[in-house]
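Visitor: Using our numbering, count along the sequence shown one by one with no gaps and you end on 166.
Cβ atoms here follow ideal geometry from the backbone N, Cα and C, with glycine treated the same way.
Keep in mind that this is a model prediction, so the values were computed, not measured.
Dropping the structure in here first, questions after.
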Amino acid sequence: MLTQLDIDLVRDSFSKASQDKDMLSRQFYERFFIVAPQTKMLFSGDLVKQQNMLHSVMSIIVNGLHEPEKLQPYLYMLGENHAKMGVRSRHYVQFFEVFIETILSLRENQKNAKLENAWREAFHIVQTVMQKATQESGLDLELLRA
Ligand code: HEM
């Protein structure tokens, strides 16, 4: 369960990591494409634009964690859009693992079990809604067969 302390830890570490937000997003995608190289073809190419969009939406998520029920409709819609773009349920697991790893690797943040757990709790909420949208879109099976 996501506690107030978790929310504070996530916010604080995200804000520190965002002092150089370009670096955060760049490092994230570099790692992500090593872990999930098959997803690279889903991206149209303008990674700088993508990095900015990801950072803006992550800010919305991090700042909305205290009222997750208000985030849900937005996350569901984001999940539906992603399903249409070819993103599948299993990609979220890789995506969040890499994002957490990137946040924890930054020297501004002290890597520790509490912080890591706080991010896992936060992403659990996000992942559950986005994966539900992917599954309900009916598109998830398509790629599992491929
Ligand atoms: C919390 C998780 C994620 C967030 C906040 C996020 C955010 C975004 C945003 C804001 C966009 C712009 C389009 C839109 O607004 O719908 C986008 C596009 C996209 N995202 Fe995500 N995303 C997430 C997870 C993922 C995952 C797991 C993948 C897996 C590969 C992915 C791949 C893509 C792709 C391929 C595009 C289209 C890029 C293009 O047109 O070049 N995203 N994402």
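Whole angstroms are fine: how far does the CA of phenylalanine 116 sit from the CA of valine 68?
Guide: 20 Å
Visitor: Does the stretch 25 to 44 come into contact with the stretch 119 to 134, if we say contact requires no fewer than three beta-carbon pairs (one atom in each stretch) closer than 8 Å?
Guide: yes
Visitor: Residue ranges of each alpha helix (DSSP H) run of no fewer than 4 residues wholly in the stretch 103 to 145, ordered along the chain?
Guide: 109 to 125
Visitor: Among the candidates Ser64, Ala103, Leu62, whose CA atom is the shortest distance from the CA of methionine 150?
Guide: Ala103
Visitor: Compare the Cα-Cα distances from valine 77 to each of Val113, Gly99, Met105 and report the closest residue.
Guide: Gly99
Visitor: On the criterion of 16 or more Cβ atoms from any shown chain inside 10 Å, does alanine 133 qualify as buried, or is it exposed?
Guide: exposed
Visitor: How far does the alpha helix (DSSP H) with glutamine 47 in it reach, from first residue to last?
Guide: 41 to 55
Visitor: Does the beta-carbon of valine 30 have 16 or more other beta-carbons within 10 angstroms, so that it is buried, or is it exposed?
Guide: With a 10 Å radius around the Cβ and a threshold of 16 neighbouring Cβ atoms, valine 30 comes out buried.
Visitor: Relative to the ligand HEM, what is the chain-ordered list of residues with a Cβ closer than 6 Å to any of its non-hydrogen atoms?
Guide: Selection around the ligand HEM by beta-carbon proximity, strictly under 6 Å to any non-hydrogen atom, yields Thr59, Leu62, Phe63, Ser64, Gln70, Met73, Leu74, Val77, Met78, Leu98, Asn101, His102, Met105, Val107, His111, Tyr112, Phe115, Val146 in chain order.
Visitor: Under the three-state reduction of DSSP, which class applies to threonine 23: helix, strand or coil?
Guide: If DSSP states are grouped into helix, strand and coil, threonine 23 belongs with coil.
Visitor: Which residue's Cα is closest to the Cα of leucine 159: Asn137, Asn101, Val118?
Guide: Comparing Cα-Cα distances from leucine 159 to each of Asn137, Asn101, Val118, the minimum goes to Asn101.
Visitor: Please classify glutamate 156: does DSSP put it in a helix, a strand, or coil?
Guide: helix
Visitor: Going by CA-CA distance only, name the one from Ile54, Tyr49, Gln58, Pro57 that's closest to methionine 72.
Guide: Here residue 72 is asparagine; the residue named in the question, methionine, does not match the sequence. For asparagine 72, the nearest C-alpha among the options comes from Tyr49.
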